[in-house]
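J.: Can you read through this structure? Questions will come right after.
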Amino acid sequence: MKPTDPAITWLEEKPLGLAERLYLPLFIQGLTTTARHMVSPKVTVNYPEVRPTVGNPLIYRGVHRLNRDDEGRVKCVACFLCATACPAHCIDIVATESPWPDREKYPESFQIDELRCIFCGMCEEACPVDAIELTSLLDLTGKSREEMIFDKEKLLSVYDMTKDAEPMKSSALGGTL
Amino acid sequence: MPVVIVDGSEIEIGADERLNCIEAARRAGKEIPHYCWHPGLSVVASCRMCLIETGQRDAATGKITMVPKLVPGCQTPAKDGTVIVTESQLVTDSRARVEEALLIDHPIDCPICDKAGECLLQDYHFEHGQAERRADLHPFTSRKRDVGPTVTLFVDRCIMCTRCVRFTREVSGTGELMVTSRGAKEEIDVFPGFPLDNKLAGNVVDLCPVGALGDKDFLYQQRVWFLKREANVCGGCSAGCSIHTEHNQDTVYRLKPRENPHVNKWWICDEGRYGWHHLHDPSRLLAAGHRTESGRGHAGTEAFEPVEWADVVARLRADLKAAGRLAVAVSPMLTVEEAWMLCAVARSIDPEAFLAVGHVPVAGEDETFPGGFTIRAEKCPNRLGVEAVVALFDPQTRTWGDLVAHVEGGNADAAWITAGYPAAWIDDATAGSFAGLRQLVVQDLFDSPLAARATWRLPAAGFAERAGTWVNVAHRAQAFEQAIKPPAGVWPEGRLYWNMLGRRGLYDPVAVRHQIAGSAAAFAALAGDLPATGIDLRLQQLAPS
Numbered sequence: 002m003k004p005t006d007p008a009i010t011w012l013e014e015k016p017l018g019l020a021e022r023l024y025l026p027l028f029i030q031g032l033t034t035t036a037r038h039m040v041s042p043k044v045t046v047n048y049p050e051v052r053p054t055v056g057n058p059l060i061y062r063g064v065h066r067l068n069r070d071d072e073g074r075v076k077c078v079a080c081f082l083c084a085t086a087c088p089a090h091c092i093d094i095v096a097t098e099s100p101w102p103d104r105e106k107y108p109e110s111f112q113i114d115e116l117r118c119i120f121c122g123m124c125e126e127a128c129p130v131d132a133i134e135l136t137s138l139l140d141l142t143g144k145s146r147e148e149m150i151f152d153k154e155k156l157l158s159v160y161d162m163t164k165d166a167e168p169m170k171s172s173a174l175g176g177t178l
Numbered sequence: 321m322p323v324v325i326v327d328g329s330e331i332e333i334g335a336d337e338r339l340n341c342i343e344a345a346r347r348a349g350k351e352i353p354h355y356c357w358h359p360g361l362s363v364v365a366s367c368r369m370c371l372i373e374t375g376q377r378d379a380a381t382g383k384i385t386m387v388p389k390l391v392p393g394c395q396t397p398a399k400d401g402t403v404i405v406t407e408s409q410l411v412t413d414s415r416a417r418v419e420e421a422l423l424i425d426h427p428i429d430c431p432i433c434d435k436a437g438e439c440l441l442q443d444y445h446f447e448h449g450q451a452e453r454r455a456d457l458h459p460f461t462s463r464k465r466d467v468g469p470t471v472t473l474f475v476d477r478c479i480m481c482t483r484c485v486r487f488t489r490e491v492s493g494t495g496e497l498m499v500t501s502r503g504a505k506e507e508i509d510v511f512p513g514f515p516l517d518n519k520l521a522g523n524v525v526d527l528c529p530v531g532a533l534g535d536k537d538f539l540y541q542q543r544v545w546f547l548k549r550e551a552n553v554c555g556g557c558s559a560g561c562s563i564h565t566e567h568n569q570d571t572v573y574r575l576k577p578r579e580n581p582h583v584n585k586w587w588i589c590d591e592g593r594y595g596w597h598h599l600h601d602p603s604r605l606l607a608a609g610h611r612t613e614s615g616r617g618h619a620g621t622e623a624f625e626p627v628e629w630a631d632v633v634a635r636l637r638a639d640l641k642a643a644g645r646l647a648v649a650v651s652p653m654l655t656v657e658e659a660w661m662l663c664a665v666a667r668s669i670d671p672e673a674f675l676a677v678g679h680v681p682v683a684g685e686d687e688t689f690p691g692g693f694t695i696r697a698e699k700c701p702n703r704l705g706v707e708a709v710v711a712l713f714d715p716q717t718r719t720w721g722d723l724v725a726h727v728e729g730g731n732a733d734a735a736w737i738t739a740g741y742p743a744a745w746i747d748d749a750t751a752g753s754f755a756g757l758r759q760l761v762v763q764d765l766f767d768s769p770l771a772a773r774a775t776w777r778l779p780a781a782g783f784a785e786r787a788g789t790w791v792n793v794a795h796r797a798q799a800f801e802q803a804i805k806p807p808a809g810v811w812p813e814g815r816l817y818w819n820m821l822g823r824r825g826l827y828d829p830v831a832v833r834h835q836i837a838g839s840a841a842a843f844a845a846l847a848g849d850l851p852a853t854g855i856d857l858r859l860q861q862l863a864p865s
């Protein structure tokens with residue numbers, strides 16, 4: 002879009018009024034914010050002794066999971082769109098012909114390097130079948146780098162672990178299912 | 321000169337050119353979308369995507385008379401005074417409706433379709449289609465049909481352009497594919513018991529404008545947007561077809577034909593198309609090796625100790641110099657530049673070195689198809705180029721047979737055999753002739769009976785891993801760039817020869833080519849930048865004054 006495009010409405014900045022020019026009202030406004038935070042309840046917790054509460058687990062961006070369909074099969078159709086969208090290049094998929102008649106291809110292997118991942122959620126956005134989702138699991142530790150490369154089985158097990166607490170977004174949030 | 325008016329601008333076309341409106345509009349920079357038309361096939365005008373408005377300008381009065389309805393651009397010849405309108409409201413609406421009609425029967429399974437990213441249905445829908453669909457469409461999975469050993473048909477993705485059917489009838493001449501049923505139930509199919517199995521079958525996959533025909537070799541391997549392409553030349557036979565090597569992270573995934581009116585038109589054969597798998601064969605030689613004392617008389621990798629390439633450069637020259645009379649086989653798999661440098665290296669070691677063109681593999685006979693495409697029997701890309709290079713150093717052209725006889729006659733103390741053939745090429749008996757030599761240097765892709773007798777066993781590069789110029793059977797020289805890096809531990813031949821000649825910096829094939837062109841009349845045509853379609857080597861370019 003060019004600056005001369007008729008669809009753009011150009012707004013002029015308003016001239017400063019008396020209050021802005023006096024500076025004092027804004028000064029008081031800022032101090033009020035500071036004072037309010039001093040007396041408001043604390044949000045910091047003593048992690049890991051105290052677990053932080055996740056506001057809405059459905060939109061939290063933690064560890065990935067691979068969803069299963071109604072028959073318990075991996076939902077992923079190996080379209081590589083998550084790998085394409087991934088800015089950290091942490092998803093590695095090997096696709097092959099699926100053994101099921103209703104599906105053309107499926108991932109033979111699906112690996113996410115959790116150490117490389119920046120938890121931006123682009124994979125979840127890109128997925129056309131809502132197969133990959135980010136859970137609210139926020140503390141992820143491992144003893145080696147290899148351990149932090151999650152394969153298909155591990156990602157499916159994350160689904161089995163979290164499916165009750167965090168149902169698939171598809172139904173709740175109007176996904177394609 | 322005939323003048324065609326495209327969207328108000330006049331363009332001149334050649335007097336004896338037979339162009340249709342799509343081609344004429346393209347000259348004026350206007351792209352008319354089309355599915356069924358292909359320059360290499362007959363015209364059927366069935367897809368209706370190229371509908372345009374046309375008219376005729378009266379030469380005498382200048383008055384333009386328009387045809388009252390839309391006509392297919394592929395079927396309408398462009399002649400003097402033809403008026404082509406490609407951007408009117410009528411044309412735009414028509415394209416949107418054609419797109420809409422095509423999508424009603426389409427599975428819209430783009431995320432799992434291998435064509436996504438290079439699909440004309442996607443591109444044209446984006447460019448000419450409607451933003452919103454009126455029909456209530458749901459994505460579904462396409463039916464799959466096995467039509468041949470290399471090709472899979474996704475029945476529901478097909479838009480019935482019949483390019484593939486016409487290809488098998490007109491170019492390969494085998495006619496396996498046909499259209500069954502009628503109207504909305506039309507489908508592509510093969511006759512029962514007659515699968516799509518001919519030597520050009522892979523081209524139907526390239527021709528398919530949508531994802532209906534899939535190459536089994538490439539199916540599900542990569543999404544096309546991950547692939548990078550390099551203009552390359554096929555090394556499968558002496559036809560030297562122009563190709564694109566499509567690769568990602570130094571792995572080749574597929575080869576595609578590159579349009580070249582002088583060589584292969586739009587096609588390549590399946591032998592060439594799938595002839596890249598040897599590049600990633602785990603049994604390739606991957607390190608330069610020198611035979612150890614204990615390894616004398618033994619075959620196998622354990623008989624060789626790995627040598628750093630920097631040491632190879634120094635030791636190889638000293639070893640060959642010490643050995644005495646040298647015989648060199650210059651492989652027809654090498655580029656002109658590499659062959660020239662190899663000859664120069666050989667002559668700098670032994671000024672009397674015996675130079676011969678290496679083994680020329682031949683399989684069967686030349687095979688020409690009704691469409692004019694020919695698969696050559698000579699399974700090497702550069703025999704003519706290497707012959708011409710060797711002739712620069714030695715007027716007497718010698719063959720591989722001459723070299724074997726020369727060595728058998730005890731006239732050589734050392735031999736340097738370059739090979740690089742994708743398949744086994746030498747038998748034990750022939751290799752035995754080289755047993756008595758003091759030094760035997762073998763440069764090859766794979767282990768062979770000859771390499772088992774070598775004192776120096778050096779790995780060679782594959783076709784996509786080298787850069788340079790190849791001269792095909794019709795004397796057409798095509799320069800190409802390196803597409804992928806060779807595996808770790810492999811130096812392309814050119815790099816070794818460049819270093820052995822004591823030249824500094826990185827191996828630069830273009831500099832060598834210019835040097836050859838400047839020093840030899842036979843290669844004068846190679847001066848300057850070569851066009852992408854190559855140049856006829858017999859064409860003696862006149863130096864600009």
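One line per chain: the protein sequences are Y and Z, in this order.
Count the first sequence with the working numbering and you get residues 2 to 178, in order.
Count the second sequence with the working numbering and you get residues 321 to 865, in order.
Here a beta-carbon is modelled for each residue, glycine too, at the ideal position from N, C-alpha and C.
Computed from a predicted model, the values in this text were never measured in an experiment.
So which residues on chain Y does residue 779(Z) lean against when the C-beta distance must stay under 8 Å?
T.: Under the 8 Å cutoff, chain Y gives no residues; its nearest Cβ is about 28 Å from residue 779(Z).
J.: Taking 9 Å as the threshold (beta carbon to beta carbon), is residue 80(Y) in contact with chain Z?
T.: Yes - at least one Cβ of chain Z is within 9 Å of the one on residue 80(Y).
J.: Could you name the residues of chain Y that residue 540(Z) contacts, counting a contact when the two beta carbons are closer than 8 Å?
T.: Within 8 Å Cβ-Cβ: 79, 96, 97, 98, 106.
J.: Under 9 Å between the Cβ atoms of residue 676(Z) and residue 685(Z)?
T.: In this structure, residue 685(Z) does not lie closer than 9 Å to residue 676(Z) by Cβ.
J.: Given a limit of 9 Å on CB to CB distance, which residues of the stretch 468-487 of chain Z reach chain Y?
T.: Flagged, chain order: 474.
J.: Rounding to the nearest angstrom, what Cα-Cα distance links residue 737(Z) and residue 662(Z) in this structure?
T.: Each residue's Cα considered, the two are about 11 Å apart.
J.: Along chain Y, which residues have their Cβ under 9 Å away from the Cβ of residue 695(Z)?
T.: Those within 9 Å of residue 695(Z) in chain Y number zero; the least Cβ separation is about 30 Å.
J.: Which first and last residues belong to the beta strand (DSSP E) in which residue 331(Z) is found?
T.: Unbroken beta strand (DSSP E) run through residue 331(Z): 329-332.
J.: In chain Y, what lies closer than 8 Å to residue 432(Z) by C-beta?
T.: Near residue 432(Z) (Cβ distances below 8 Å), the residues of chain Y are 78, 79, 80, 105, 106.
J.: Could you check which residue in 380(Z), 808(Z), 335(Z) has the C-alpha nearest to that of residue 602(Z)?
T.: Among 380(Z), 808(Z), 335(Z), the Cα nearest to that of residue 602(Z) belongs to 808(Z).
J.: Looking at residue 788(Z) and residue 658(Z), is the spacing between their C-beta atoms short of 9 Å?
T.: The answer is yes: Cβ separation under 9 Å.
J.: Kindly say whether residue 129(Y), judged by its beta-carbon, lies nearer than 9 Å to any beta-carbon of chain Z.
T.: Answer yes: the Cβ-Cβ gap between residue 129(Y) and chain Z drops below 9 Å somewhere.
J.: Below 8 Å, can you find three or more Cβ-Cβ pairs linking the stretch 776-788 of chain Z to the stretch 759-767 of chain Z?
T.: Touching, yes, given that three or more Cβ pairs across the two stretches are closer than 8 Å.
J.: Determine the contact status of residue 105(Y) and residue 78(Y), defining contact as a CB-CB distance below 9 Å.
T.: Taking 9 Å as the Cβ cut-off, residue 105(Y) and residue 78(Y) qualify as a contacting pair.
J.: Is residue 342(Z) closer than 9 Å to residue 370(Z) when the C-beta atoms are compared?
T.: Yes, they are a contact pair.
J.: Go ahead and pull the three-state DSSP assignment for residue 863(Z).
T.: Here residue 863(Z) scores only 49 on pLDDT, less than 50, and its place in the model should not be relied on; the value that follows carries that caveat. DSSP places residue 863(Z) in coil when its eight states are reduced to three.
J.: Let's test the definition: count the other Cβ atoms within 10 Å of the Cβ of residue 76(Y) and tell me whether it reaches 16, buried, or not, exposed.
T.: It is buried - the Cβ of residue 76(Y) has at least 16 other Cβ atoms within 10 Å.
J.: Are residue 606(Z) and residue 810(Z) closer than 9 Å when you measure CB to CB?
T.: The answer is yes: Cβ separation under 9 Å.
J.: Decide if residue 839(Z) is buried, meaning its Cβ has at least 16 other Cβ atoms within 10 Å, or exposed.
T.: Exposed.
J.: Measuring alpha carbon to alpha carbon, tell me which residue in 821(Z), 475(Z), 471(Z), 721(Z) is nearest residue 634(Z).
T.: Among 821(Z), 475(Z), 471(Z), 721(Z), the Cα nearest to that of residue 634(Z) is on 821(Z).
J.: Look at residue 560(Z) and residue 792(Z) and say whether their C-beta atoms are less than 9 Å apart.
T.: Cβ distance < 9 Å, so residue 560(Z) and residue 792(Z) count as in contact.
J.: Where does residue 1(Y) land, buried or exposed, given buried means 16+ other C-beta within 10 angstroms?
T.: The first residue shown for chain Y is 2 and the last is 178, placing residue 1(Y) beyond what the model contains.
J.: Would you call residue 454(Z) buried or exposed, if buried means 16 or more other Cβ atoms sit within 10 Å of its Cβ?
T.: Its Cβ having fewer than 16 others within 10 Å, residue 454(Z) is exposed.
J.: If I measure Cβ to Cβ from residue 114(Y) and keep anything under 6 Å in the same chain, skipping five residues before and after, which residues do I get?
T.: Here the set comprises 91, 150.
J.: Smallest Cα separation from residue 681(Z): which of 673(Z), 701(Z), 577(Z)?
T.: Of 673(Z), 701(Z), 577(Z), the residue nearest in Cα terms is 701(Z).
J.: Considering only C-alpha positions, which residue in the set 627(Z), 593(Z), 842(Z), 690(Z) is nearest to residue 552(Z)?
T.: Checking every option, the nearest Cα to that of residue 552(Z) belongs to 593(Z).
J.: Cβ closer than 9 Å: which chain Z residues qualify as neighbours of residue 85(Y)?
T.: Those are 543, 545, 546, listed as they occur along chain Z.
J.: From residue 705(Z) to residue 668(Z), what does the alpha carbon distance come to, in whole angstroms?
T.: So the two alpha carbons sit approximately 21 Å from each other.
J.: Assuming residue 494(Z) contacts residue 500(Z) under a Cβ cut-off of 8 Å, what Cβ separation, rounded to an integer in Å, is found between them?
T.: With a Cβ gap of about 18 Å, residue 494(Z) and residue 500(Z) do not count as contacting.
J.: May I ask which residues mark the beginning and end of the beta strand (DSSP E) holding residue 594(Z)?
T.: Unbroken run through residue 594(Z): none, as it is neither H nor E.
J.: Less than 9 Å separating the beta-carbons of residue 846(Z) and residue 797(Z)?
T.: In this structure, residue 797(Z) lies closer than 9 Å to residue 846(Z) by Cβ.
J.: I want to verify the contact list: residues of chain Y whose CB lies under 9 Å from the CB of residue 461(Z), in sequence order.
T.: Those within 9 Å of residue 461(Z) in chain Y are 102, 103, 104, 105.
J.: Please name the residue in 464(Z), 432(Z), 550(Z) whose C-alpha comes closest to that of residue 130(Y).
T.: Cα-wise, what sits closest to residue 130(Y) is 432(Z).
J.: Put residue 661(Z) into one of helix, strand or coil per three-state DSSP.
T.: Helix, per DSSP.
J.: If I follow the unbroken beta strand (DSSP E) through residue 411(Z), where does it start and stop?
T.: Residue 411(Z) -> not in any beta strand (DSSP E); alpha helix (DSSP H) instead, spanning 409-424.
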